[in-house]
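Student: Have a look at this one before I ask anything.
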Amino acid sequence: IPDDRLLLETDAPYLLPRTLRPKPKSRRNEPAFLPEVLRVVADARGREDAIVAAQTTDNARRFFKLPEIAG
3 IPDDRLLLET DAPYLLPRTL RPKPKSRRNE PAFLPEVLRV VADARGREDA
53 IVAAQTTDNA RRFFKLPEIA G
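Counting in this note's numbering, the sequence shown runs from 3 upward without gaps.
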């Protein structure tokens with residue numbers, strides 16, 4: 003997947019990230035676990051988390067036609 007088309011998501015609520023430690027007692031996936039998905043994807047691509055986070059945030063913003071975040 004090209005960098006400019008990559009998006010991240012969780013498969014909430016059914017699939018916990020396999021690498022998530024500790025596993026939550028509820029075994030329910032939550033959007034709060036997205037940083038773990040980011041970490042695994044960045045590692046697999048040999049990139050820093052912050053670089054992948056910025057790229058995928060920009061991709062999602064463009065895909066969903068969201069306004070840019072000021073700051």
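Heads up, the beta-carbon is just placed ideally off N, CA and C, and yes, glycines get one too. Model, not experiment: these values are computed from the prediction.
Please check the pair D51 and L36, which I expect to be a contact at CB under 8 Å, by giving their CB distance rounded to whole angstroms.
Tutor: Taking the sequence shown and counting its residues from 1, one reaches residue 51 at position 49. Taking the sequence shown and counting its residues from 1, one reaches residue 36 at position 34. Between L36 and D51 the Cβ distance is about 11 Å, and since that is not below 8 Å, they are no contact.
Student: For L17, name the three-state secondary structure that DSSP assigns.
Tutor: Looking up residue 17 in the sequence shown gives position 15. Strand.
Student: Which two residues bound the contiguous alpha helix (DSSP H) that contains E38?
Tutor: Taking the sequence shown and counting its residues from 1, one reaches residue 38 at position 36. Element bounds for E38: 36-47.
Student: Whose CA, out of L9, R30, D5, lies closest to the CA of Y16?
Tutor: For the purposes of this step, residue 16 is taken as the residue at position 14 of the sequence shown. Measuring from the Cα of Y16, the nearest candidate turns out to be R30.
Student: Spatial neighbours of P33 within its chain, please: CB distance less than 7 Å, with the 5 preceding and 5 following residues excluded, ordered by chain position.
Tutor: Here residue 33 is taken as the residue at index 31 of the sequence shown, counted from 1. Within the same chain, P33 has close Cβ partners T12, A14.
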